[in-house]
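In the order they appear, the protein sequences are chains A and B.
Counting from 4, one number per residue, gives the positions in the first sequence under our numbering.
Counting from 4, one number per residue, gives the positions in the second sequence under our numbering.
Glycine included, each C-beta is placed from N, C-alpha and C at the ideal position.
2 protein chains.
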Amino acid sequence: MALIVQKYGGTSVGSLDRIRNVAARLKKTRDEGNQVVAVVSAMSGVTDGLLKMAHELTSQPSERELDVLVSTGEQQSIALVAMALQDIGVPAASITGRQAGIYTKGSHTRGRIADIDPSMMNAFLAEGKTLVVAGFQGVTPEGMIHTLGRGGSDLTAIAIAAAIKADVCQILTDVDGVYTCDPRIVPNARKLPEISYDEMLEMASSGSKVMQSRSVEFAKKYGVVFEVRSSLNSNPGTLVLEEHPAMENVVIRGISIERSQSRVTVTGIPDEPGMSAAILGALAEAEINLDMIISNIANDGYARHSFTMHSNDLGKAQAALKPVLEKLSSNAKIETESGIAKLSAVGIGMRSHSGVAATMFKALGDAGINIGMISTSEIKIAVTVDERSIEEAARAVHDAFHLDKEPV
Amino acid sequence: MALIVQKYGGTSVGSLDRIRNVAARLKKTRDEGNQVVAVVSAMSGVTDGLLKMAHELTSQPSERELDVLVSTGEQQSIALVAMALQDIGVPAASITGRQAGIYTKGSHTRGRIADIDPSMMNAFLAEGKTLVVAGFQGVTPEGMIHTLGRGGSDLTAIAIAAAIKADVCQILTDVDGVYTCDPRIVPNARKLPEISYDEMLEMASSGSKVMQSRSVEFAKKYGVVFEVRSSLNSNPGTLVLEEHPAMENVVIRGISIERSQSRVTVTGIPDEPGMSAAILGALAEAEINLDMIISNIANDGYARHSFTMHSNDLGKAQAALKPVLEKLSSNAKIETESGIAKLSAVGIGMRSHSGVAATMFKALGDAGINIGMISTSEIKIAVTVDERSIEEAARAVHDAFHLDKEPV
């Protein structure tokens, strides 16, 4: 008998019929001899409807009250899923975030899990109940309702799996698992049987939309092995786990791409201490998430700083930089480029294999694709290319590393 | 500065516009120099919508899960009312039943308030916040969500007023206050400036729909003075309070009527110990609320038991009685009468005034109205009449006691 945590997103519980399907699936897992804890999101559409009301009522709803309002969505779905389970003869109990003992810190609408007191969950499990826990929510130590922000239900599932020492944590979603690349772009992309936490993190932060980084980080920190799999079929998915020696044999695990990027390059800044800090500080204050950051000295002796960001942030970035640059140097100039995309090749095998960058650049060169910026980490090589070439670039790199084939 | 609890029902918060009105009204009370705690129900329609989903999902939703589901309705309205207050510059905080420290006992969907720990409310009040508390809900000592059943938000308001030692508790509703009789039936009915708890209880249990008995009982137990007043205007309403000597000068405070009653009379039962208990026990087991109960010995030496009940329960009562009567006596017979109504005259002055029944019966006799059953308590005389005569009966008794005139 295994103790299994299964997370179902808003689409999976998006109607009463789908709720019945989730219940049937939970029953099946239970009938196979397992104890089951389901973590569910709000029915799709419910959260948006509540937010709409709040914004009709006031232009600036307080985040504390948004949490109180929005957290009702998950509370409704847990009650409904528990009823659907009981209807097919499964003893079940719904558990709110507070009842699950999920204590949070941080600010409203984007809380972080600080601690879990699983005593109520353990008591119900001891009674043989299947639990249905509200994802995305918890309470502060003072008892204020907190939601966990984007990807919060995944985080709840992983944190609960750690707290109740589950054998398996399954993230059930609308994809089959983690692929070597997005199969809509690379048709011969292959589903990975496993991927390490670090690789998953690099994939997440370079555009793979399967999971938010912080859920993966949490799983890594607490050693929670989880599986990303489909909520629509019973195929095995992808296990995400701590790396083991055999994993290093694979040079590149996967490729992720990110579109709609823009580059800002600042030139004409004296190469003096404090200059970079002033520039990056202005962008951070404007809450712009920078992706690649490259600095160098140009031929004219001035420093040259380039950043990439989502194109939506470009205008805000220019506005934030203008006053700072005026103060720093009369020669300062801003140069921008939109319509670029980023391709990242990720794999822990890179650490022990040389020539990875060369293989990748050759593949792109052979395909006639020009490389813009380059940035690397220990287990990732990222390049920017013209957005119109990104799909071709992905296919070329995927082929160059033979990612369509099982590694030997 | 007074500390005021105001309770708003589901209609009062039934749309975003109405929520804005409630916020404006709370602000006005606050601007007059008071501290305010609002207790609100779910937006009208929300609870029914949730129940409908539950019943579509399963024919017998568990009461525990119904509580989890339905309690989200109030949680949504408190967040929205708090946002609306903040939008007009009032510092406000929503408080769920659990946060209000409302601890309950009893069964799910009809919990009773056992205790209140007002520490979070007091802390927010000390910060100068206007509080918006979810009516109708609490938690068990084990942390399970509990709803309080019909009239639960009134009960919440009165219990909170007791716990935070409020100066006033106002139940804002769609009637102006408590009247000497229903003004739709007796056009010259008069709004009462005050009524005692005991009179209010007798009115409630004899058909006046203003408030549930248990809220009045709770107020009486804890000495909470409350006012029933309109949510639509600022007219003074009716104070409900412990009786004081001057109140005894009024013989009859008010008249309430209850329609759709039926009588069941059981005859031919030997006058032996245990017989009444067997009959009443069978009806109690079938969860039939009896109203008047009259027993006597008939001329044939057999006992004769009559009960009144809501006509909806008549069939159920007959079915419950049949097997018992067959066992008790071969002479037992059931006789039923529908289409009757009850008129109750209520007043603590009855205790010290004689001739009240005589005045009432004479008024009915003069109007040519036949009296069926009669039952009395220390402060109430109730009679049944043909349902078609009930309005005329109410007017006749109202006139006989000059209830349209201020007492001197």
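(1) By Cβ distance below 6 Å, which residues in the same chain neighbour B/Ser211 in space, the five residues on each side in sequence not counted?
(2) With the cut-off set at 8 Å, would you say B/Ile255 and B/Ala370 are in Cβ contact?
(3) Residues in the same chain with beta-carbon distance under 6 Å from B/Asp407, minus the five sequence neighbours each way, listed in chain order, please.
(4) Starting from B/Ile282 and walking both ways along the alpha helix (DSSP H), at which residues does that stretch end?
(5) Given a cut-off of 8 Å on the beta-carbon distance, is the pair B/Ile174 and B/Val231 in contact?
(6) What are the boundary residues of the alpha helix (DSSP H) that B/Asp20 is part of?
(7) For B/Gln419 versus B/Ala41, is the C-beta spacing smaller than 8 Å?
(8) Run through chain A and tell me which residues come within less than 7 Å of B/Ile47, C-beta to C-beta.
(9) Excluding the five sequence neighbours on either side, which residues of its own chain have a C-beta within less than 7 Å of the C-beta of B/Met4, listed in chain order?
(10) Do B/Gln140 and B/Met123 have their CB atoms nearer than 8 Å?
(11) Using a Cβ-Cβ cut-off of 8 Å (strictly less than) and excluding sequence neighbours within five positions of A/Gly154, which residues of its own chain qualify?
(12) To the nearest angstrom, how far is the alpha carbon of B/Leu69 from that of B/Leu6?
(13) Using a Cβ-Cβ cutoff of 7 Å, what residues of the region 104 to 131 of chain B are near chain A? List them in chain order.
(14) Counting only beta-carbon separations shorter than 8 Å, does B/Val71 have a partner in chain A?
(15) Any residues in the region 150 to 164 of chain B with a beta carbon nearer than 8 Å to a beta carbon of chain A? Which ones, in chain order?
(16) Would A/Thr241 pass as an interface residue toward chain B - the criterion being a Cβ-Cβ separation below 8 Å?
(17) Please list the segments of the beta strand (DSSP E) lying wholly inside the region 128 to 169 of chain A, counting only runs of 3 or more residues, in order along the chain.
(18) Counting C-beta neighbours from all protein chains within 10 Å, is the total for A/Ser18 16 or more, i.e. buried, or is it exposed?
(19) Start and end of the beta strand (DSSP E) containing B/Val386?
(20) How many angstroms separate the CA atom of A/Ile296 from the CA atom of A/Gly368?
(21) Within its chain, find whatever has a CB closer than 8 Å to the CB of B/Leu324; leave out the 5 residues flanking it on each side and keep chain order.
(22) Would you identify the three-state DSSP class for A/Ser380, choosing helix, strand or coil?
(23) Write down the C-beta distance between B/Glu395 and B/Ile372 rounded to the nearest angstrom, noting that I regard them as a contact closer than 8 Å.
(24) Using 8 Å as the threshold, is the C-beta distance between A/Asp177 and A/Ser234 below it?
(25) By the 10 Å Cβ neighbour count, where 16 or more other Cβ atoms means buried, how is B/Arg187 classified, buried or exposed?
(26) Under the rule that 16 or more other beta-carbon atoms within 10 Å means buried, what is B/Ala301, buried or exposed?
(27) Label B/Gly352 either buried or exposed according to how many other C-beta atoms from any shown protein chain fall within 10 Å of its C-beta, with 16 as the threshold for buried.
(28) Could you list which residues in chain A have their beta carbon closer than 7 Å to that of B/Gly146, in chain order?
(29) Could you tell me which of B/Asp402, B/Ser47, B/Ile382 sits nearest to B/Lys365, measuring between CA atoms?
(30) Taking A/Gly271 as part of the beta strand (DSSP E), name the residues at either end of that continuous run.
(31) So is A/Ser380 in contact with chain B if we call contact Cβ pairs under 8 Å?
(32) With the cut-off set at 8 Å, would you say A/Thr75 and B/Met86 are in Cβ contact?
(33) Out of B/Asn238, B/Met206, B/Leu244, B/Arg33, which one is the CA nearest neighbour of B/Ala95?
(34) Tell me the residue span of the beta strand (DSSP E) that contains A/Met250.
(35) For the region 398 to 409 of chain B, list every residue whose C-beta sits within 7 Å of some C-beta in chain A, in sequence order.
(36) Run through DSSP, which three-state label would A/Val411 get?
Result, derived from the coordinates:
(1) The count along the second sequence starts at 1 and reaches residue 211 of chain B at position 208. Correct list, in chain order: Ser259.
(2) By one-based count along the second sequence, residue 255 of chain B stands at place 252. By one-based count along the second sequence, residue 370 of chain B stands at place 367. Contact flag unset, no.
(3) Along the second sequence, read from residue 1 onward, the residue named residue 407 of chain B stands at position 404. Once the five neighbours on either side are set aside, the close Cβ partners of B/Asp407 are Asn191, Arg193.
(4) Working through the second sequence from its first residue, we reach residue 282 of chain B at position 279. Unbroken alpha helix (DSSP H) run through B/Ile282: 278 to 288.
(5) Working through the second sequence from its first residue, we reach residue 174 of chain B at position 171. Working through the second sequence from its first residue, we reach residue 231 of chain B at position 228. Yes.
(6) If you number the second sequence from 1, residue 20 of chain B lands on position 17. Looking at the DSSP string, the run of the alpha helix (DSSP H) that includes B/Asp20 is 19 to 34.
(7) Chain B is shown from 4 up to 411; residue 419 of chain B falls before or after that span and cannot be answered.
(8) Position 44 of the second sequence, counted from the start, is the residue given in the question as residue 47 of chain B. In the sequence on display, residue 47 of chain B carries Ser and not Ile. In chain order: nothing, as chain A lies at least about 15 Å away.
(9) Along the second sequence, one-based indexing puts residue 4 of chain B at 1. Correct list, in chain order: Gly36, Asn37, Gln38.
(10) Within the second sequence, the letter at position 137 stands for residue 140 of chain B. Within the second sequence, the letter at position 120 stands for residue 123 of chain B. Contact: no.
(11) One-based indexing of the first sequence puts residue 154 of chain A at position 151. Once the five neighbours on either side are set aside, the close Cβ partners of A/Gly154 are Met214, Gln215, Arg217, Ser218.
(12) Against the second sequence, residue 69 of chain B aligns to sequence position 66. Against the second sequence, residue 6 of chain B aligns to sequence position 3. Roughly 34 Å between the two C-alpha positions.
(13) Met123
(14) In the second sequence, residue 71 of chain B corresponds to position 68, counting from 1. True, the Cβ-Cβ gap to chain A drops below 8 Å.
(15) none
(16) Taking the first residue of the first sequence as 1, we reach residue 241 of chain A at position 238. No - not a single Cβ of chain B is within 8 Å of the one on A/Thr241.
(17) 133 to 137, 140 to 142, 148 to 150
(18) By one-based count along the first sequence, residue 18 of chain A stands at place 15. Exposed: under 16 other Cβ atoms inside 10 Å.
(19) Walking along the second sequence from the start, residue 386 of chain B turns up at place 383. Segment 383 to 389, the beta strand (DSSP E) holding B/Val386.
(20) Here residue 296 of chain A refers to the residue found at position 293 when the first sequence is read from its first residue. Here residue 368 of chain A refers to the residue found at position 365 when the first sequence is read from its first residue. Those two C-alpha atoms are separated by around 23 Å.
(21) On the second sequence, residue 324 of chain B is found 321 positions in, with the first residue counted as 1. Correct list, in chain order: Val267, Val269, Ile282, Ala285, Leu286, Ile337.
(22) Taking the first sequence and counting its residues from 1, one reaches residue 380 of chain A at position 377. Reduced to three states, the DSSP call for A/Ser380 is strand.
(23) Translated into the one-based positions of the second sequence, residue 395 of chain B becomes position 392. Translated into the one-based positions of the second sequence, residue 372 of chain B becomes position 369. About 7 Å; that satisfies the 8 Å criterion.
(24) Residue mapping note: residue 177 of chain A aligns to position 174 of the first sequence, counting from 1. Residue mapping note: residue 234 of chain A aligns to position 231 of the first sequence, counting from 1. Contact: yes.
(25) Taking the second sequence and counting its residues from 1, the one referred to as residue 187 of chain B is at position 184. So B/Arg187 counts as exposed.
(26) The residue given as residue 301 of chain B occupies position 298 in the second sequence. Exposed, by the Cβ-count rule.
(27) Residue 352 of chain B sits at position 349 when you count from the first residue of the second sequence. Buried, because 16 or more other Cβ atoms sit within 10 Å of the Cβ of B/Gly352.
(28) Within the second sequence, numbered from 1, the residue matching residue 146 of chain B stands at position 143. Residues of chain A passing the Cβ test: Gln102, Met123.
(29) Locating residue 365 of chain B in the second sequence gives position 362, where the first residue counts as 1. Among B/Asp402, B/Ser47, B/Ile382, the Cα nearest to that of B/Lys365 belongs to B/Asp402.
(30) Residue mapping note: residue 271 of chain A aligns to position 268 of the first sequence, counting from 1. Taken as a continuous stretch (DSSP letters only), the beta strand (DSSP E) holding A/Gly271 covers 257 to 272.
(31) For the purposes of this step, residue 380 of chain A is taken as the residue at position 377 of the first sequence. Taking Cβ atoms only, chain B never reaches closer than 8 Å to A/Ser380, which makes this a no.
(32) Position 72 of the first sequence holds residue 75 of chain A. Position 83 of the second sequence holds residue 86 of chain B. Contact: no.
(33) Here the question's residue 95 of chain B lines up with position 92 in the second sequence. The option with the nearest alpha carbon to B/Ala95 is B/Arg33.
(34) Numbered from 1 along the first sequence, position 247 holds the residue referred to as residue 250 of chain A. No beta strand (DSSP E) contains A/Met250, which DSSP labels as neither H nor E.
(35) none
(36) Your numbering for residue 411 of chain A matches position 408 in the first sequence. Here A/Val411 sits in coil by DSSP.
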